[in-house]
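Just so you know, the protein sequences line up as chains A and B, in that order.
Per our numbering, the first sequence runs over residues 774 to 1037.
Per our numbering, the second sequence runs over residues 705 to 964.
Glycine included, each C-beta is placed from N, C-alpha and C at the ideal position.
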Amino acid sequence: MKLYWQVAKNMWDQAIAYRLSFVIFRLRNLFWILTMYFLWVYALPHGKVLFGYNQSQILTYILGGAFLSSLIMATRSQDIATEINEGNLSNFLLRPIGFLRYYFARDLGDKAMNIFFSIFELTIVFLILRPNLFLQTSPVLLLLTLVFSLSGTLLFFFFSVLLGFIGFWSTETWGPRFIFYQLLNFLAGTLFPLDIIPKPLYTVVSYLPFPYLLYFPMKVYLGQLSTIEMVKGMAISCIWIVVLYAVTQFVWKRGLRVYTAQGR
Amino acid sequence: MKRYVKIYIRLLHLNFSSLLAYRANFVNSLISSSVWGGFSIISILLLTSRSSSLFGWSRHDIIFLTCSYSIIIGIFHTFFSRNFEHFSRVVDLGELDTLLIKPIDSQFFISLRYINYASIIRIVVGFFLVGYLLKGEALSFVQLFGYGTMMFFGLITLYALWYIITSFTIWLSRLSNIVEFLFTITNVSRFPPQMYREFSWYVFLFLFPLTLIIATPTKFLINKIDFPDVLILIITASVLFIVSRFFWKLALRFYTSASS
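Structure representation (structure tokens):
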């Protein structure tokens, strides 16, 4: 445990070492949040309701989603493919370190850094723009939001690792990752709440793992889901976690069989 | 000038050869470009599905704006953006040394040597959708000429902005993710300029050139163009291009080289 705590801490130190790059990365995020904020402020003026959302709810969804994405989607596992392609994976194989645990610890360090800055940025946005936000007061719903966020974090981690494992078979890993992020923008509800899409399409999408990354935690926070919907959501989310974990283990074992430590 | 045209034609050939050599990368880019283009259009269709107008632009106009974005950004990604992606590496690893000693304009070579043919799909998708949205409605010669010309100046503006900002890597060579930042801020241009008036004046001033790049050519298509719009884009493009030249020359004076 101590070992993985150190890995997470190293990640934090690494981010601090490349301060300017990190600031640029956060600035980019802030910029995107502001763009989406103004888009919705205009698209949905105060007092109007669109797609079943009023302005306060939609702004909470956008800003809250931005905060949650720094917890759920902050990752360093994109480095996995490079580690495999450059043969650096051998370093892990020789040491008594669990590969998945190592990368999860790295991700936690990265997430901690991103959450810290996200709070800082969103506070500035809040102080300057004074948006009319929805504050959830129910402790149960707040707790459930946290639980759904943690399951979303696991789902994202397995997806990201699996994308990295493509490195075992190909050097061309950026394409699938790029498409995955495009899919996430659309199907995880990063750009807009998913229930604005046509109902039949929404029903299909709700059985996929993507909505449980961001859309579901935010809907729980907004208190817009019934108990049955939440139970169903948690069940689907858990099934996907188990499936993705099993697939990750399977692909890891298969990948190691074809790993040639190229470049070593 | 003739020499540069010849060199560029040679670069087009060389890049085509490397495309054939790295076929998997090409297929990757082709699929990614199509997905990206498809999603950006679907997103805007959804967002505008229940409102007839936004920021003073009708739904029809906003969809045209998104198609123009796909075309112009497609052209930019085909001919320019890959060069900017290599920029910080060229400076950080000292590759710029070999580039500077060549008997060729360094700005020309560093910003035009890579061509990403896969992005052509975005241009095709954009033009196809514009054609579909026009539904047989004929465009006048003035509209077409204006659209093409403003697109050219829009691209010059975008190129110059990217060039000025990436030139900072001469001082800060570790700034490898500056291009990702540029990708994000370029997204600004896909929405109507009116949306950004709410930002504070200095942020708006910074974003102002970006808000013109797509909106001005699109105004030609939807018959909403004013003479001042045209003039502002031409002046902005020209000034920024000249600044990019001067700034690059200034930056080179501070280039300390690496590894040599």
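- The three-state secondary structure of Tyr-863 of chain B, taken from DSSP, is helix.
- Leu-758 of chain B has B:Trp-761 as its beta-bridge partners, per DSSP.
- Secondary structure at Leu-998 of chain A: coil, using DSSP grouped into helix, strand and coil.
- Residues of chain A with a Cβ closer than 7 angstroms to the Cβ of Leu-751 of chain B are, in chain order, Ala-816 and Phe-965.
- Excluding residues up to 5 positions away in sequence, Ile-926 lie with their Cβ nearer than 6 angstroms to the Cβ of Asp-765 of chain B in the same chain.
- Using a Cβ-Cβ cut-off of 8 angstroms, Asn-958 of chain A counts as an interface residue toward chain B, since at least one Cβ of chain B sits closer than that to its own.
- Taken through DSSP and simplified to helix, strand or coil, Leu-832 of chain A comes out as helix.
- At a C-beta separation below 8 angstroms, Gln-955 of chain A has these neighbours in chain B: Ser-736, Val-739, Trp-740 and Phe-743.
- Distance between Trp-805 of chain A and Ala-885 of chain A, taken at the CA atoms: about 20 angstroms.
- Under the DSSP definition of a beta bridge, Tyr-826 of chain A partners with A:Leu-823.
- Membership of Gln-779 of chain A in the alpha helix (DSSP H) is indicated by the continuous run 775-790.
- Under a criterion of Cβ atoms nearer than 8 angstroms, the residues of chain A adjacent to Tyr-900 of chain B are, in order, Phe-811.
- In this structure, Leu-837 of chain B sits away from Ile-936 of chain B, with a CB-CB distance that is not shorter than 8 angstroms.
- Scanning chain B for C-beta atoms nearer than 9 angstroms to the C-beta of Arg-879 of chain A yields nothing, as the closest lies near 18 angstroms away.
- A Cβ-Cβ distance of about 12 angstroms is found for the pair Trp-866 of chain B and Phe-783 of chain B, leaving them out of contact under the 8 angstroms criterion.
- Residue-level contact by beta carbon holds for Tyr-791 of chain A and chain B, with a gap shorter than 8 angstroms.
- Within a 10 Å sphere around the beta-carbon of Thr-910 of chain A sit fewer than 16 other beta-carbons, which makes this residue exposed.
- In the three-state reduction of the DSSP assignment, Arg-903 of chain A falls in the coil class.
- Going by DSSP, Leu-816 of chain B is part of the alpha helix (DSSP H) stretching over 810-816.
- Nearest C-alpha to Phe-932 of chain A among A:Leu-957, A:Phe-941, A:Leu-919 and A:Phe-921: A:Leu-957.
- By the neighbour-count criterion, in which 16 or more other beta carbons inside 10 Å mark a residue as buried, Asn-802 of chain A falls on the buried side.
- For Leu-927 of chain A, the enclosing alpha helix (DSSP H) stretches over residues 912-938.
- For Leu-758 of chain B, the chain A residues whose C-beta falls within less than 8 angstroms of its own C-beta are Tyr-815 and Ala-816, listed in chain order.
- Here the alpha carbons of Ala-1019 of chain A and Leu-914 of chain B stand approximately 46 angstroms from one another.
- For Glu-884 of chain B, the residues of chain A that pass the 9 angstroms Cβ criterion are Ile-797, Phe-798 and Arg-801, in the order they occur in the chain.
- Close CB contacts of Tyr-988 of chain A within its chain, under the 7 angstroms cut and outside five residues either way in sequence, are with Ala-961, Gly-962, Pro-966 and Leu-967 (chain order).
- At a cut-off of 8 angstroms between C-beta atoms, Ser-829 of chain A does not count as an interface residue with respect to chain B.
- Judged by DSSP in its simplified three-state form, Phe-965 of chain A adopts coil rather than helix or strand.
- Around the beta carbon of Phe-720 of chain B, fewer than 16 other beta carbons sit within 10 angstroms, so the residue counts as exposed.
- With fewer than 16 other beta carbons inside 10 angstroms of its own, Met-705 of chain B counts as exposed.
- At a cut-off of 8 angstroms between beta-carbon atoms, Ile-939 of chain A makes no contact with chain B.
- About 25 angstroms separates the beta carbon of Gln-898 of chain B from that of Gly-741 of chain B, a gap too long to meet the 8 angstroms contact definition.
- As the crow flies, the alpha-carbon of Phe-908 of chain B is around 15 angstroms from that of Ile-901 of chain A.
- Within 10 angstroms of the beta-carbon of Glu-945 of chain A lie 16 or more other beta-carbons, which makes it buried.
- From the beta-carbon of Ile-889 of chain B, the residues of chain A found nearer than 7 angstroms are Phe-804.
- Counting C-beta pairs closer than 8 angstroms gives three or more between the segment 785-799 of chain A and the segment 865-880 of chain B, which meets the contact rule.
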